[in-house]
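Under the UniProt record's numbering, residues 1 to 313 are what the sequence shown spells out, in order. Here a beta-carbon is modelled for each residue, glycine too, at the ideal position from N, C-alpha and C. Input: a single structure, listed below in C-alpha coordinates.
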Amino acid sequence: MGAAHPTEMSIEQGAAAAVARLTVVPQRRYGIWVGTAFALLLAFLIVRAFASNPAFAWETAAGYIFHPSIMRGLANTLILTVVIMALAIVIGTVIAIMRVSPSPVLRGFAGVYVWFFRGVPALIQLIFWFNLSLLVREVSLTLPFLGTIFSARTNDFMTPFFSAVIALSLCEAGYMAEIIRAGIKSVPSGQAEAASALGMPYRMILKRITLPQAMRFVLPPTGNEAINLLKMTSLVTFIAVDDLFYSAQSIYARTFETIPLLIVVAFWYLAVVSIMSVGQHFLERYFGRSDTRRDPLTMRALRNAISLRGIAR
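Pasting the structure below:
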(Lines of atoms letter the chains of each structure in order from A and count residues from 1; the text may use other names and numbers.)
(Lines give C-alpha, C1' and ligand atoms only; values in the text may rest on other atoms or scores of the structure.)
Protein backbone atom coordinates (compact mmCIF):
# COMPACT_ATOMS: atom_id res chain seq x y z
CA MET A 1 0.00 0.00 0.00
CA GLY A 2 1.22 3.52 -0.80
CA ALA A 3 2.02 6.12 1.83
CA ALA A 4 -0.73 8.50 2.92
CA HIS A 5 -0.85 11.90 1.20
CA PRO A 6 0.65 14.74 3.32
CA THR A 7 -2.57 16.73 3.01
CA GLU A 8 -4.59 13.81 4.42
CA MET A 9 -2.11 13.42 7.28
CA SER A 10 -2.36 17.09 8.19
CA ILE A 11 -6.17 16.94 8.17
CA GLU A 12 -6.18 13.87 10.43
CA GLN A 13 -3.68 15.47 12.82
CA GLY A 14 -5.72 18.66 12.96
CA ALA A 15 -8.90 16.71 13.69
CA ALA A 16 -7.15 14.69 16.40
CA ALA A 17 -5.79 17.87 18.00
CA ALA A 18 -9.26 19.44 17.94
CA VAL A 19 -10.74 16.36 19.59
CA ALA A 20 -8.00 16.41 22.27
CA ARG A 21 -8.84 20.03 23.20
CA LEU A 22 -12.51 19.25 23.80
CA THR A 23 -13.77 19.23 27.38
CA VAL A 24 -16.17 16.38 28.05
CA VAL A 25 -18.94 17.36 30.48
CA PRO A 26 -20.98 14.41 31.81
CA GLN A 27 -24.74 14.72 31.41
CA ARG A 28 -26.66 15.48 34.57
CA ARG A 29 -29.17 12.70 35.20
CA TYR A 30 -31.19 14.00 38.12
CA GLY A 31 -34.08 11.62 37.48
CA ILE A 32 -31.79 8.59 37.82
CA TRP A 33 -30.29 9.97 41.04
CA VAL A 34 -33.72 10.55 42.57
CA GLY A 35 -34.95 7.12 41.48
CA THR A 36 -31.84 5.44 42.88
CA ALA A 37 -32.20 7.19 46.23
CA PHE A 38 -35.88 6.26 46.41
CA ALA A 39 -35.13 2.61 45.54
CA LEU A 40 -32.42 2.40 48.22
CA LEU A 41 -34.71 3.96 50.82
CA LEU A 42 -37.54 1.58 49.94
CA ALA A 43 -35.20 -1.42 50.08
CA PHE A 44 -33.95 -0.30 53.51
CA LEU A 45 -37.48 0.05 54.85
CA ILE A 46 -38.49 -3.38 53.54
CA VAL A 47 -35.43 -5.10 55.00
CA ARG A 48 -35.92 -3.37 58.35
CA ALA A 49 -39.59 -4.37 58.41
CA PHE A 50 -38.75 -8.00 57.69
CA ALA A 51 -35.94 -8.08 60.23
CA SER A 52 -37.68 -6.25 63.10
CA ASN A 53 -41.14 -7.82 62.96
CA PRO A 54 -41.20 -10.81 65.35
CA ALA A 55 -44.30 -12.24 63.64
CA PHE A 56 -42.12 -13.56 60.83
CA ALA A 57 -40.47 -15.99 63.29
CA TRP A 58 -37.29 -16.44 61.28
CA GLU A 59 -35.84 -18.98 63.71
CA THR A 60 -38.94 -21.15 63.39
CA ALA A 61 -38.80 -20.89 59.61
CA ALA A 62 -35.12 -21.87 59.59
CA GLY A 63 -35.97 -24.98 61.59
CA TYR A 64 -38.41 -26.15 58.89
CA ILE A 65 -36.12 -25.57 55.89
CA PHE A 66 -34.91 -29.19 55.74
CA HIS A 67 -37.89 -30.80 57.43
CA PRO A 68 -38.48 -34.32 56.00
CA SER A 69 -42.05 -33.49 54.99
CA ILE A 70 -40.89 -30.32 53.22
CA MET A 71 -38.12 -32.24 51.42
CA ARG A 72 -40.61 -34.88 50.27
CA GLY A 73 -42.98 -32.22 48.99
CA LEU A 74 -40.13 -30.44 47.20
CA ALA A 75 -39.11 -33.69 45.49
CA ASN A 76 -42.68 -34.30 44.32
CA THR A 77 -42.90 -30.73 43.00
CA LEU A 78 -39.71 -31.18 40.98
CA ILE A 79 -40.87 -34.54 39.62
CA LEU A 80 -44.20 -33.03 38.59
CA THR A 81 -42.47 -30.11 36.87
CA VAL A 82 -40.05 -32.28 34.90
CA VAL A 83 -42.66 -34.87 33.82
CA ILE A 84 -45.32 -32.30 32.90
CA MET A 85 -42.87 -30.08 31.01
CA ALA A 86 -41.47 -33.03 29.04
CA LEU A 87 -44.96 -34.18 28.03
CA ALA A 88 -46.03 -30.61 27.23
CA ILE A 89 -43.05 -30.11 24.91
CA VAL A 90 -43.76 -33.36 23.06
CA ILE A 91 -47.50 -32.69 22.73
CA GLY A 92 -46.94 -29.01 21.97
CA THR A 93 -44.47 -29.83 19.20
CA VAL A 94 -47.00 -32.15 17.56
CA ILE A 95 -49.75 -29.53 17.84
CA ALA A 96 -47.44 -26.80 16.49
CA ILE A 97 -46.53 -28.92 13.46
CA MET A 98 -50.22 -29.52 12.87
CA ARG A 99 -50.83 -25.76 13.10
CA VAL A 100 -48.41 -25.09 10.23
CA SER A 101 -49.50 -28.14 8.24
CA PRO A 102 -50.94 -27.64 4.74
CA SER A 103 -53.91 -29.79 5.77
CA PRO A 104 -56.91 -27.63 6.84
CA VAL A 105 -58.23 -30.49 8.98
CA LEU A 106 -55.00 -30.72 10.99
CA ARG A 107 -54.83 -26.93 11.32
CA GLY A 108 -58.42 -26.82 12.52
CA PHE A 109 -57.92 -29.58 15.08
CA ALA A 110 -54.76 -27.92 16.43
CA GLY A 111 -56.49 -24.53 16.56
CA VAL A 112 -59.40 -25.92 18.58
CA TYR A 113 -56.95 -27.66 20.93
CA VAL A 114 -55.03 -24.45 21.61
CA TRP A 115 -58.26 -22.45 21.96
CA PHE A 116 -59.75 -24.85 24.51
CA PHE A 117 -56.76 -25.66 26.71
CA ARG A 118 -55.56 -22.06 26.85
CA GLY A 119 -59.05 -20.76 27.50
CA VAL A 120 -60.14 -23.01 30.37
CA PRO A 121 -58.39 -22.24 33.67
CA ALA A 122 -55.84 -24.82 34.78
CA LEU A 123 -57.58 -25.34 38.13
CA ILE A 124 -60.86 -26.27 36.43
CA GLN A 125 -59.06 -28.75 34.18
CA LEU A 126 -57.31 -30.21 37.21
CA ILE A 127 -60.54 -30.77 39.13
CA PHE A 128 -62.25 -32.14 36.02
CA TRP A 129 -59.64 -34.86 35.42
CA PHE A 130 -59.58 -35.72 39.12
CA ASN A 131 -63.35 -36.32 38.96
CA LEU A 132 -63.29 -38.14 35.63
CA SER A 133 -64.85 -41.19 37.28
CA LEU A 134 -68.12 -39.26 37.57
CA LEU A 135 -68.32 -39.37 33.76
CA VAL A 136 -66.47 -42.57 32.91
CA ARG A 137 -66.66 -45.23 35.60
CA GLU A 138 -64.70 -47.83 33.67
CA VAL A 139 -62.17 -47.78 30.83
CA SER A 140 -62.03 -50.86 28.61
CA LEU A 141 -60.64 -51.95 25.25
CA THR A 142 -62.83 -54.36 23.28
CA LEU A 143 -61.94 -55.76 19.85
CA PRO A 144 -64.17 -57.77 17.50
CA PHE A 145 -63.75 -61.53 17.78
CA LEU A 146 -61.25 -61.03 20.64
CA GLY A 147 -63.51 -59.70 23.35
CA THR A 148 -62.39 -57.38 26.12
CA ILE A 149 -58.61 -57.08 26.21
CA PHE A 150 -58.28 -54.47 28.90
CA SER A 151 -60.65 -53.16 31.54
CA ALA A 152 -60.07 -51.03 34.64
CA ARG A 153 -62.08 -48.83 36.95
CA THR A 154 -61.31 -45.16 36.49
CA ASN A 155 -60.73 -44.61 40.20
CA ASP A 156 -58.04 -47.30 40.20
CA PHE A 157 -55.64 -45.46 37.89
CA MET A 158 -56.84 -41.84 38.01
CA THR A 159 -54.89 -41.06 41.17
CA PRO A 160 -54.32 -37.46 42.28
CA PHE A 161 -50.75 -37.51 40.96
CA PHE A 162 -51.77 -39.00 37.59
CA SER A 163 -54.66 -36.55 37.30
CA ALA A 164 -52.28 -33.65 37.92
CA VAL A 165 -49.86 -34.89 35.25
CA ILE A 166 -52.58 -35.28 32.62
CA ALA A 167 -54.38 -32.01 33.35
CA LEU A 168 -51.32 -29.77 33.55
CA SER A 169 -49.57 -31.48 30.61
CA LEU A 170 -52.52 -30.87 28.30
CA CYS A 171 -52.91 -27.32 29.58
CA GLU A 172 -49.22 -26.46 29.24
CA ALA A 173 -49.06 -28.07 25.79
CA GLY A 174 -51.47 -25.42 24.52
CA TYR A 175 -48.99 -22.68 25.43
CA MET A 176 -45.98 -24.63 24.18
CA ALA A 177 -47.70 -25.21 20.84
CA GLU A 178 -47.98 -21.47 20.25
CA ILE A 179 -44.37 -20.89 21.33
CA ILE A 180 -43.05 -23.58 18.99
CA ARG A 181 -45.31 -22.42 16.16
CA ALA A 182 -43.93 -18.88 16.51
CA GLY A 183 -40.40 -20.29 16.44
CA ILE A 184 -41.14 -22.25 13.26
CA LYS A 185 -42.65 -19.17 11.64
CA SER A 186 -39.53 -17.15 12.51
CA VAL A 187 -37.38 -19.28 10.19
CA PRO A 188 -37.33 -17.76 6.66
CA SER A 189 -39.64 -19.74 4.40
CA GLY A 190 -37.13 -19.61 1.56
CA GLN A 191 -34.97 -22.21 3.26
CA ALA A 192 -37.80 -24.74 3.41
CA GLU A 193 -38.71 -23.94 -0.18
CA ALA A 194 -35.12 -24.49 -1.33
CA ALA A 195 -34.94 -27.80 0.54
CA SER A 196 -38.26 -28.87 -0.95
CA ALA A 197 -36.99 -27.99 -4.43
CA LEU A 198 -34.03 -30.30 -3.82
CA GLY A 199 -36.42 -33.15 -3.10
CA MET A 200 -36.16 -33.17 0.69
CA PRO A 201 -39.36 -34.50 2.33
CA TYR A 202 -41.37 -32.32 4.72
CA ARG A 203 -40.43 -34.42 7.76
CA MET A 204 -36.72 -34.05 7.06
CA ILE A 205 -37.10 -30.31 6.43
CA LEU A 206 -38.57 -29.92 9.90
CA LYS A 207 -35.92 -32.12 11.50
CA ARG A 208 -32.84 -30.79 9.72
CA ILE A 209 -33.66 -27.18 8.88
CA THR A 210 -36.70 -25.62 10.55
CA LEU A 211 -36.70 -26.93 14.13
CA PRO A 212 -32.92 -26.51 14.80
CA GLN A 213 -33.09 -22.86 13.72
CA ALA A 214 -36.31 -22.29 15.62
CA MET A 215 -34.67 -23.39 18.88
CA ARG A 216 -33.01 -20.03 19.48
CA PHE A 217 -36.43 -18.36 19.35
CA VAL A 218 -38.26 -21.11 21.24
CA LEU A 219 -35.88 -21.53 24.15
CA PRO A 220 -36.31 -18.19 26.04
CA PRO A 221 -40.14 -18.40 26.30
CA THR A 222 -39.87 -22.13 27.02
CA GLY A 223 -37.65 -21.37 30.00
CA ASN A 224 -40.19 -18.85 31.22
CA GLU A 225 -42.97 -21.42 30.82
CA ALA A 226 -40.97 -23.99 32.80
CA ILE A 227 -40.54 -21.50 35.63
CA ASN A 228 -44.23 -20.63 35.49
CA LEU A 229 -45.12 -24.33 35.49
CA LEU A 230 -43.02 -24.89 38.61
CA LYS A 231 -45.15 -22.35 40.44
CA MET A 232 -48.38 -23.55 38.82
CA THR A 233 -47.86 -27.03 40.30
CA SER A 234 -48.99 -25.54 43.62
CA LEU A 235 -52.53 -25.92 42.24
CA VAL A 236 -52.30 -29.68 42.79
CA THR A 237 -52.82 -28.95 46.48
CA PHE A 238 -56.55 -28.74 45.70
CA ILE A 239 -56.62 -32.46 44.78
CA ALA A 240 -54.40 -33.51 47.72
CA VAL A 241 -51.15 -34.16 45.86
CA ASP A 242 -48.28 -34.11 48.36
CA ASP A 243 -46.30 -31.27 46.78
CA LEU A 244 -44.28 -28.54 48.49
CA PHE A 245 -47.24 -26.30 49.30
CA TYR A 246 -49.43 -29.19 50.46
CA SER A 247 -46.66 -30.39 52.80
CA ALA A 248 -46.40 -26.92 54.34
CA GLN A 249 -50.18 -26.74 54.71
CA SER A 250 -50.29 -30.09 56.47
CA ILE A 251 -47.74 -28.81 59.01
CA TYR A 252 -49.19 -25.38 59.78
CA ALA A 253 -52.70 -26.85 59.98
CA ARG A 254 -51.46 -28.65 63.12
CA THR A 255 -48.99 -26.11 64.54
CA PHE A 256 -50.69 -22.84 63.39
CA GLU A 257 -47.25 -21.56 62.31
CA THR A 258 -48.61 -20.26 59.03
CA ILE A 259 -46.18 -17.42 58.28
CA PRO A 260 -42.93 -19.38 58.98
CA LEU A 261 -44.10 -22.26 56.77
CA LEU A 262 -45.06 -19.89 53.95
CA ILE A 263 -41.60 -18.37 54.22
CA VAL A 264 -40.10 -21.85 53.83
CA VAL A 265 -42.21 -22.52 50.74
CA ALA A 266 -41.24 -19.16 49.22
CA PHE A 267 -37.57 -19.85 49.97
CA TRP A 268 -37.55 -23.17 48.12
CA TYR A 269 -39.48 -21.80 45.16
CA LEU A 270 -37.04 -18.91 44.87
CA ALA A 271 -34.05 -21.27 45.16
CA VAL A 272 -35.29 -23.61 42.42
CA VAL A 273 -36.30 -20.72 40.14
CA SER A 274 -32.84 -19.17 40.57
CA ILE A 275 -31.15 -22.44 39.54
CA MET A 276 -33.48 -22.79 36.56
CA SER A 277 -32.76 -19.20 35.51
CA VAL A 278 -29.01 -19.87 35.51
CA GLY A 279 -29.53 -23.00 33.40
CA GLN A 280 -31.76 -21.07 31.02
CA HIS A 281 -29.04 -18.43 30.61
CA PHE A 282 -26.41 -20.97 29.56
CA LEU A 283 -28.82 -22.75 27.19
CA GLU A 284 -29.74 -19.46 25.52
CA ARG A 285 -26.06 -18.58 25.15
CA TYR A 286 -25.38 -21.99 23.60
CA PHE A 287 -28.16 -21.82 21.02
CA GLY A 288 -27.51 -18.13 20.34
CA ARG A 289 -23.76 -18.48 19.86
CA SER A 290 -24.10 -17.61 16.17
CA ASP A 291 -25.19 -14.09 17.17
CA THR A 292 -21.92 -13.39 19.01
CA ARG A 293 -19.94 -12.88 15.81
CA ARG A 294 -18.26 -9.52 15.52
CA ASP A 295 -19.66 -6.86 13.25
CA PRO A 296 -16.98 -5.81 10.72
CA LEU A 297 -18.27 -2.22 10.65
CA THR A 298 -18.08 -1.97 14.43
CA MET A 299 -14.53 -3.38 14.47
CA ARG A 300 -13.50 -0.96 11.72
CA ALA A 301 -14.87 1.99 13.69
CA LEU A 302 -13.04 0.76 16.79
CA ARG A 303 -9.74 0.56 14.90
CA ASN A 304 -10.22 4.08 13.53
CA ALA A 305 -10.88 5.43 17.02
CA ILE A 306 -7.73 3.76 18.36
CA SER A 307 -5.62 5.17 15.53
CA LEU A 308 -6.99 8.68 16.09
CA ARG A 309 -6.18 8.43 19.79
CA GLY A 310 -2.65 7.35 18.95
CA ILE A 311 -2.16 10.32 16.59
CA ALA A 312 -3.50 12.72 19.25
CA ARG A 313 -0.92 11.47 21.71
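*asked:* With a threshold of 8 Å between beta carbons, is Tyr113 in contact with chain C?
replied: The chain inventory of the structure shown lacks chain C, comprising one protein chain alone.
_On the DSSP bridge list, what partners appear for Leu229?_
Bridge partners of Leu229: none, in fact.
*Residues in its own chain within less than 7 Å of Ser101 by CB, not counting five upstream and five downstream?*
Cβ neighbours of Ser101 beyond the five flanking positions: Arg107.
*asked:* Taking DSSP's pairing of strands, which residues face Thr222 in a bridge?
replied: According to DSSP, which records beta bridges pairwise, Thr222 is partnered with nothing at all.
*Which whole-angstrom value describes the C-beta separation of Ile91 and Ser169, a residue pair presumed to lie in contact below a C-beta threshold of 8 Å?*
Correct: roughly 7 Å between the Cβ atoms.
*Which same chain residues, not among the five before or five after Ile205, have their C-beta less than 8 Å away from its C-beta?*
The beta carbon of Ile205 sits closer than 8 Å to the beta carbons of Ala192, Ala195 and Ser196 from its chain, once the five residues preceding and following it are set aside; these are given in chain order.
*N- and C-terminal bounds of the alpha helix (DSSP H) containing Glu284*: Judged by DSSP secondary structure, Glu284 falls within the alpha helix (DSSP H) whose first and last residues are Thr258 to Phe287.
*May I have the straight-line CA-CA distance separating Met299 from Ala16, to the nearest angstrom?*
Note that Met299 has pLDDT 47, beneath the 50 cutoff, so the model's placement of it is unreliable and no number is given.
*What residue does the alpha helix (DSSP H) around Val82 start on, and which one ends it?*
In the DSSP assignment, Val82 falls within the alpha helix (DSSP H) that extends over Pro68 to Arg99.
*At a cut-off of 7 Å, is Ser103 close to the ligand MN when judged by its beta-carbon and the heavy atoms of the ligand?*
Among the components of this structure there are no ligands whatsoever, and the ligand MN is therefore not found.
*Ends of the alpha helix (DSSP H) at Thr255?*
For Thr255, the uninterrupted alpha helix (DSSP H) run begins and ends at Leu244 to Thr255, by DSSP.
*Going by DSSP, which residues form a beta bridge with Leu141?*
The partner list for Leu141 (beta bridge, DSSP) reads Phe150.
_Tell me the DSSP secondary structure of Leu198 in three-state form._
Leu198 falls in the coil class under three-state DSSP.
*Among Asn131, Leu229 and Phe217, the one whose alpha carbon lies nearest that of Thr77*: When the alpha-carbon of Thr77 is set against those of Asn131, Leu229 and Phe217, the nearest one is in Leu229.
_Where Leu126 falls, given that 16 or more other Cβ within 10 Å makes a residue buried_ = Answer is buried; the Cβ neighbour count reaches 16.
*Roughly how many angstroms lie between the CA atoms of Arg29 and Val265, to the nearest whole one?*
The straight-line gap separating the alpha-carbon atoms of Arg29 and Val265 is approximately 41 Å.
*Beta-carbon proximity list for Ala55, same chain, < 8 Å, skipping 5 on both sides*: Hits under 8 Å: Ile259.
_Between the CA atoms of Val273 and Ile227 - distance to the nearest angstrom_ = One alpha carbon belongs to Ile227, the other to Val273, and they sit about 6 Å apart.
*Identify which residue in Leu270, Pro188 and Ile184 has its Cα closest to the Cα of Arg99.*
Looking at the Cα atoms, Ile184 is the closest of the given residues.
*the stretch 137-153 in contact with the stretch 42-62 per 3-pair CB rule at 8 Å*: Two segments are said to touch when three or more pairs of C-beta atoms, one from each, lie closer than 8 Å; by this definition the stretch 137-153 does not touch the stretch 42-62.
*Flag this pair as touching only if the stretch 249-258 and the stretch 33-53 have three or more C-beta atom pairs under 8 Å; answer yes or no.*
No, they do not touch.
_Arg48, enclosing alpha helix (DSSP H) - first and last residue_ = Note, Arg48: alpha helix (DSSP H), Tyr30 to Ser52.
*Can you tell me the Cα-Cα spacing of Ala39 and Leu261, whole angstroms?*
Between the alpha carbons of Ala39 and Leu261 lies a gap of roughly 29 Å.
*Nearest to Leu134 by alpha carbon, out of Phe117, Asn155 and Val114?*
Among Phe117, Asn155 and Val114, the Cα nearest to that of Leu134 belongs to Asn155.
*Are there three or more Cβ pairs, one per stretch, closer than 8 Å when the stretch 70-87 is compared with the stretch 227-246?*
Result yes; three or more Cβ-Cβ pairs closer than 8 Å.
*If we ignore side chains and look at the alpha-carbon of each, how far apart do Thr93 and Ser186 end up?*
So the two alpha carbons sit approximately 15 Å from each other.
*Measure the Cβ-Cβ separation of Ile263 and Ala61 and say whether it is below 8 Å.*
Between Ile263 and Ala61, the CB-CB gap stays under 8 Å.
*Have a look at Gly111, Ile179, Thr81 and Ile209 and flag the residue whose alpha-carbon is nearest the alpha-carbon of Gly190.*
With respect to the C-alpha of Gly190, the residue from Gly111, Ile179, Thr81 and Ile209 having the closest C-alpha is Ile209.
*Going by other Cβ atoms of all chains shown within 10 Å of its Cβ, with 16 needed for buried, is Phe217 buried or exposed?*
Phe217 should be labelled buried.
*Backbone CA spacing between Ile149 and Tyr246 [nearest angstrom]*: A direct Cα-to-Cα measurement between Ile149 and Tyr246 gives close to 38 Å.
_Output needed for residue 395: all residues of its chain with C-beta closer than 7 Å, excluding positions within five of it in sequence on either side, in chain order._
Since the first and last residues shown for the chain are 1 and 313, residue 395 lies out of range.
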